[in-house]
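Structure record follows, encoded as structure tokens.
In this note's numbering, the protein residues as written are 93 to 183.
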């Protein structure tokens with residue numbers, strides 16, 4: 093058994109065929125894509141009818157805010173309130 097510092101096993105492994113590309117292979121061309129056009133990597137942008145852009149500010153007392161946070165659980169407060177508004181048919 094060779095010692096742990098013996099490199100003879102690595103030297104003999106260089107002649108075995110591999111699926112990895114060699115250094116002699118031409119580089120793969122990558123196409124640059126403009127992310128603003130929606131063509132490329134990532135999620136495509138939402139349409140104007142789907143995008144939530146209107147902001148509403150709501151002031152609550154500490155007790156009201158903590159009650160909403162407790163009811164929301166792991167969801168965010170705004171997500172919880174949005175779901176409740178949809179549930180009651182307000183939006």
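Note that beta-carbon positions come from the ideal geometry of N, C-alpha and C, so glycine has one too.
7 Å CB neighbourhood of residue i in its chain, flanking five on each side removed
| i | result |
| --- | --- |
| residue 179 | none |
Helix, strand or coil at residue i according to DSSP, with G and I counted as helix
| i | result |
| --- | --- |
| residue 159 | helix |
| residue 173 | helix |
| residue 100 | helix |
| residue 178 | helix |
| residue 140 | coil |
Straight-line Cα distance separating residue j from residue i
| i | j | result |
| --- | --- | --- |
| residue 158 | residue 136 | 36 Å |
| residue 151 | residue 141 | 28 Å |
| residue 161 | residue 111 | 54 Å |
| residue 167 | residue 176 | 12 Å |
| residue 139 | residue 170 | 22 Å |
| residue 128 | residue 100 | 53 Å |
Close beta carbons around residue i, own chain, < 6 Å, minus the five adjacent residues each side
| i | result |
| --- | --- |
| residue 98 | none |
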